[in-house]
Amino acid sequence: MGLEIQGIDTFYGTSHILHGVTLNVPDGAMVSVLGRNGVGKSTLLKSIIGINPPKNGSIQFNGADVTKEKTHQHVRAGISYIPQGREIIPDISVYENLMVAMRGIKNRSKKIPAFIFEYFPALEPTQKRKGGVLSGGQQQQLAIARALIQEPSLLLMDEPTEGLQPSVVEEINTIIQRIHKERNCSILLVEQNLDFVRDVTEHFAIMDSGQIVEEGDIQLLTDEFAGQYLSV
Amino acid sequence: MESIITQFLNGFSVVAILMIAAVGLAIIFGVAGVINMAHGEFIMVGAYTAAVVGQLGGNTFIAIPVAFLVVALLGLIVERSIIQWIYERPLETLLATWGVGIILQVVVKLIFGPELYYVGAPKILDGGFRTIGLLPFPWYRLFLIILAIVIMIVTYLILFKTDLGLKVRAVRRNRTMAGCLGIDTAKVDMIIFAFGSGLAGIAGAVLAPIKSVSTTMGFPYAVDSFMVLVLGGVGSLWGVVAGSGLIGEAETILSFIYNSVIGKLLVFIFIVIAIRVFPKGLFGYHERT
Chain A
874 MGLEIQGIDT
884 FYGTSHILHG
894 VTLNVPDGAM
904 VSVLGRNGVG
914 KSTLLKSIIG
924 INPPKNGSIQ
934 FNGADVTKEK
944 THQHVRAGIS
954 YIPQGREIIP
964 DISVYENLMV
974 AMRGIKNRSK
984 KIPAFIFEYF
994 PALEPTQKRK
1004 GGVLSGGQQQ
1014 QLAIARALIQ
1024 EPSLLLMDEP
1034 TEGLQPSVVE
1044 EINTIIQRIH
1054 KERNCSILLV
1064 EQNLDFVRDV
1074 TEHFAIMDSG
1084 QIVEEGDIQL
1094 LTDEFAGQYL
1104 SV
Chain B
19 MESIITQFLN
29 GFSVVAILMI
39 AAVGLAIIFG
49 VAGVINMAHG
59 EFIMVGAYTA
69 AVVGQLGGNT
79 FIAIPVAFLV
89 VALLGLIVER
99 SIIQWIYERP
109 LETLLATWGV
119 GIILQVVVKL
129 IFGPELYYVG
139 APKILDGGFR
149 TIGLLPFPWY
159 RLFLIILAIV
169 IMIVTYLILF
179 KTDLGLKVRA
189 VRRNRTMAGC
199 LGIDTAKVDM
209 IIFAFGSGLA
219 GIAGAVLAPI
229 KSVSTTMGFP
239 YAVDSFMVLV
249 LGGVGSLWGV
259 VAGSGLIGEA
269 ETILSFIYNS
279 VIGKLLVFIF
289 IVIAIRVFPK
299 GLFGYHERT
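If you read the sequences in order, they're chains A and B. The numbering used here puts the first sequence at residues 874 to 1105. The numbering used here puts the second sequence at residues 19 to 307.
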């Protein structure tokens, strides 16, 4: 059970990005994907969520074949996605950004569930402001809140701390750990920060040129080992 | 001076017609990213619907909702059978909708014949009232102005106060992310195409009493609607209001001072200069990527 990716090939137009990627995210696990820029980490997440569906191979989620499903069907099946760059919808309010996420899973309530503001108290006073005017850190909080409000069983995160100042990075990382523990949600995390990955994930996979070249328990991920693939 | 003011008031009814004709086109383009070249023919089908309703004994008030439903259904069929497969290819949507327009003209001509149809305005709107000056202001024009305002308000409420509108605004601004939040973007496109088409149907229904109904009657209104969009900018209801307002008033007043040919010419020149200064229109910002 959980997410089972079996030998997927993904293309951008004619260029072949993912070459037979196989990866499992068991129920309740937290798996990190590492690798240099441009090796296909983001494409892997986009293949799973259906923005860029794979040409060959299969993706199973909780036992069902979801390879050919549309993006919104993945979301309704319990996979939420936090893209790189956050992708807050800029000209609608913070409240409306959260509402879109709720309507996306057919939740018709007009009230934002209280637990959202327990995780992100800083968002509560910003609800009426446009998404586009928030700071980078607030936008990232909103991006996570938007996914969390859907109460997913699997969360895909693409470099959630990229471009944020160190104090904010720490805050976000704490929240990711809390979500994993408290919301009963497995996480597939694309991340560059080795220390954080070692702190929170149980399992890792390293990608290079569109393939998974190493994977294993997090204890194996020593600096030397990671350096082989991650140093520039 | 007094007659200029009268013309200014008359201009409001031209503005109203422009708004009613353009808003459907603007919504389809703004959200779904399709330039509907069959827009004029959708208006025409709305007018023929009004003609049929008239022959069955109904008046414009009945024709408006009937034309909305008929043309919305037509739009839905066109979207499901053709447009949904080619959204990502703007050039093809252009050609396909143009083709749909030609087919509609021929089919309507086959069914109704080449003769013109005349539709009367509702009796209650016969005649007019005197404003300042000597020329009477017809009730039907006042009705058009009120209808245009009602359509704009209803459209505004749908876009900004309903769940559907929220989804529409999310899709319009960031299609991929809206999908990643669980919105069925294809369904939103479909609903918007049908809704925008239905609005074209209303335009046809209210034009029928002031124009003779023929298969080619929609074309000038389609052209005017495109000018409204170019000037006002797509993706904003204010763009439709501003574009219609400027073009309608300028055309009416300039046509009165000079004549209708020079009036139209000056308006075209004005639009060319305006889009040189505001390349995206007065209120526009959106492009489908």
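Yeah, the Cβ is synthetic: ideal placement off N, Cα and C, and Gly gets one too.
Whole-angstrom Cβ separation of residue i and residue j, contact assumed at under 8 Å?
i       : j       : result
B/V231  : B/L134  : 6 Å
B/G216  : B/A44   : With 8 Å as the limit, B/G216 and B/A44 do not qualify as a contact, their Cβ atoms being about 14 Å apart.
B/I265  : B/M235  : Actually they do not touch by this definition, with Cβ atoms about 19 Å apart.
A/L1093 : A/I1022 : In fact, because the Cβ distance is near 35 Å, the residues do not count as touching under 8 Å.
A/A995  : A/Q1011 : 6 Å
B/F26   : B/Y66   : The Cβ separation is near 33 Å, so there is no contact.
Within its chain, find whatever has a CB closer than 7 Å to the CB of residue i; leave out the 5 residues flanking it on each side and keep chain order.
i       : result
A/P1025 : G951, I952, S953 and C1058
B/M55   : L112, T115, W116 and G119
B/N28   : T270
A/G913  : I890, L891, M1080 and G1083
B/I22   : I271
B/M37   : A166, M170, V258, V259 and S262
B/I46   : V52, N54, I210, F211 and G214
B/V189  : V49, A196, I201, T203 and V206
B/S31   : R159, L162 and I163
A/K928  : D882, T883 and F884
A/D900  : M874, G875 and S1059
Do residue i and residue j have their C-beta atoms within less than 8 Å of each other?
i       : j       : result
A/I1048 : A/L1007 : no
B/A212  : B/G64   : no
A/T944  : B/G197  : yes
B/D242  : B/A68   : no
A/Q1013 : A/V967  : no
A/H1076 : A/I1052 : no
B/E267  : B/V96   : no
A/T895  : A/G908  : no
A/V948  : A/I985  : no
A/V973  : B/I201  : yes
B/V88   : B/P227  : no
B/V248  : B/I293  : yes
B/G251  : B/G302  : yes
A/I921  : B/R187  : no
B/K179  : A/R976  : no
A/S905  : A/T1074 : yes
B/E59   : B/Q123  : yes
B/L225  : B/I35   : yes
B/A85   : B/A240  : no
A/P963  : B/R193  : no
Go through its chain and collect everything with a Cβ distance to residue i's Cβ below 8 Å, but skip five positions before and after it.
i       : result
A/F1098 : E1087
B/L255  : V41, A44, M170, T173, Y174 and L177
A/G1036 : G1009
B/E319  : The first residue shown for chain B is 19 and the last is 307, placing residue 319 of chain B beyond what the model contains.
A/G936  : M874
B/R107  : none
B/V290  : none
A/I924  : T944
B/P297  : none
Going by C-alpha to C-alpha distance, which of the options sits closest to residue i?
i       : options                             : result
B/V126  : B/S262, B/I100, B/I61 and B/T78     : B/I61
A/R1071 : A/N935, A/E1055, A/N1046 and A/K979 : A/N1046
A/M874  : A/V1063, A/L1027 and A/Q1000        : A/L1027
B/H57   : B/L175, B/A218 and B/I280           : B/A218
A/G930  : A/I989, A/G893, A/A995 and A/G886   : A/G893
B/A81   : B/F147, B/A139 and B/W157           : B/A139
A/P956  : A/L1015, A/R981, A/R949 and A/G1100 : A/L1015
A/G1004 : A/P994, A/R1019, A/E991 and A/F990  : A/R1019
B/L92   : B/I275, B/A292, B/R191 and B/M208   : B/M208
A/E1064 : A/E1055, A/R1056 and A/V1042        : A/V1042
B/P132  : B/K282, B/P297, B/T233 and B/I142   : B/T233
B/G75   : B/K141, B/S99, B/V295 and B/L128    : B/K141
Which residues in the same chain as residue i place their Cβ atom closer than 6 Å to its Cβ, once the five residues preceding and following it in sequence are excluded?
i       : result
A/N897  : E877
A/I1060 : M903, L1028 and H1053
B/L94   : A212
B/P156  : G146
B/E305  : Reliability of the predicted coordinates at B/E305 is poor, the pLDDT of 47 falling under 50, and no value is obtained from them.
B/T307  : Caution is warranted here: a pLDDT of 40 is assigned to B/T307, below 50, making its placement in the model unreliable, and the coordinate value is therefore given only provisionally. Same-chain partners within the cutoff: there are none.
A/L1062 : S905 and M1030
Which bits of chain D does residue i rub up against, with CB to CB less than 8 Å?
i      : result
A/A974 : Going by chain labels, chain D is absent from the structure shown, which instead holds the protein chains A and B.
4-residue-minimum alpha helix (DSSP H) runs that sit fully inside the segment 165 to 241 of chain B, ordered along the chain:
181 to 191, 193 to 198 and 203 to 225
Suppose only complete runs of 4+ residues qualify. What are the alpha helix (DSSP H) ranges in the segment 43 to 76 of chain B, listed by chain order?
57 to 73
Whole alpha helix (DSSP H) elements within the segment 1017 to 1083 of chain A, 4-residue minimum
1039 to 1055 and 1067 to 1073
Write down every uninterrupted run of the alpha helix (DSSP H) in the segment 882 to 925 of chain A whose length is 4 residues or greater and which is fully enclosed by it, in chain order.
914 to 922
Which runs of the alpha helix (DSSP H) spanning at least 4 residues fall entirely within the segment 83 to 138 of chain B, listed in chain order?
108 to 130
Every unbroken beta strand (DSSP E) inside the segment 928 to 965 of chain A [3 residues or more]
929 to 934 and 952 to 955
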